[in-house]
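Peer 1: There's a structure below that I have some questions on.
In the working numbering, the protein residues as written are 5 to 198.
Here you go:
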């Protein structure tokens, strides 16, 4: 090579440096793609786990379902309903339901609703007809709930030809809604409201 007075001398060929730069850029792309793939997979796993939790929560909500077994019976004093009695069992595959009326923190709550009155916390008594007498409604058991309407809800006056609703709300699981209409005459002492 010739040297001029002000120009630098090129000693080596620089083609190898271009190949090294290309390899570094390629490795950087691979690393960025791997990090992006990890983020996408982690997000997908997280969202599928959340979806699974939602499905299980929905199943738990419905598995605690109770069902009405037999008739809803009312006792009358001749002019109004004084007590309501109903039989309960668990729906197929349902989880245990606490029917202990004295357990204030974790019990089934019964509400009474009609056109004039709403009472969201009626006291009731539980009698296990079939079961181990522990006030927990379990698979294969039958419980009888009795609500003394005249005592527990003095404002819940149920006369003839009136519609009313009972809502049974277990600590977990779905609500059970029972709607009934009283007959035209309340002369009988015991009335089947089915």
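The beta carbon of each residue, even a glycine, is placed where N, CA and C say it ideally should be.
(1) In angstroms, rounded to a whole number, what distance separates the CA positions of residue 151 and residue 96?
(2) Could you tell me the boundaries of the beta strand (DSSP E) in which residue 204 lies?
(3) Bridge partners of residue 91, per DSSP?
(4) Give me the Cα-Cα distance between residue 233 and residue 57, rounded to the nearest whole angstrom.
(5) Bridge partners of residue 183, per DSSP?
(6) Mind checking residue 174: buried by the 16 CB within 10 Å criterion, or exposed?
(7) Inspect the beta-carbon positions of residue 100 and residue 141 and report whether they are closer than 8 angstroms.
(8) Taking 6 angstroms as the limit between beta carbons, can you name the residues of its chain near residue 166, skipping five residues before and five after?
Peer 2: From the atom records:
(1) In the chain shown, residue 151 corresponds to position 147, counting from 1. In the chain shown, residue 96 corresponds to position 92, counting from 1. Annotation: residue 151 to residue 96 spans about 26 angstroms, alpha carbon to alpha carbon.
(2) Examination of residue 204 is not possible in this model, given that the chain is present from 5 through 198 alone.
(3) Walking along the chain shown from the start, residue 91 turns up at place 87. In the DSSP output, where bridge partners are listed per residue, residue 91 has 148.
(4) Beyond the ends of the chain as shown, which are 5 and 198, falls residue 233; an answer cannot be given.
(5) In the chain shown, counting from the first residue as 1, residue 183 sits at position 179. Under DSSP, residue 183 forms a beta bridge with 169.
(6) For the purposes of this step, residue 174 is taken as the residue at position 170 of the chain shown. A residue is called buried when at least 16 other Cβ atoms come within 10 angstroms of its Cβ; residue 174 meets this threshold and is buried.
(7) The residue labelled residue 100 in the question sits at position 96 within the chain shown. The residue labelled residue 141 in the question sits at position 137 within the chain shown. Remark: C-beta atoms of residue 100 and residue 141 approach each other more closely than 8 angstroms.
(8) Numbered from its first residue, the chain shown carries residue 166 at position 162. Closer than 6 angstroms at Cβ, skipping near neighbours: 186.
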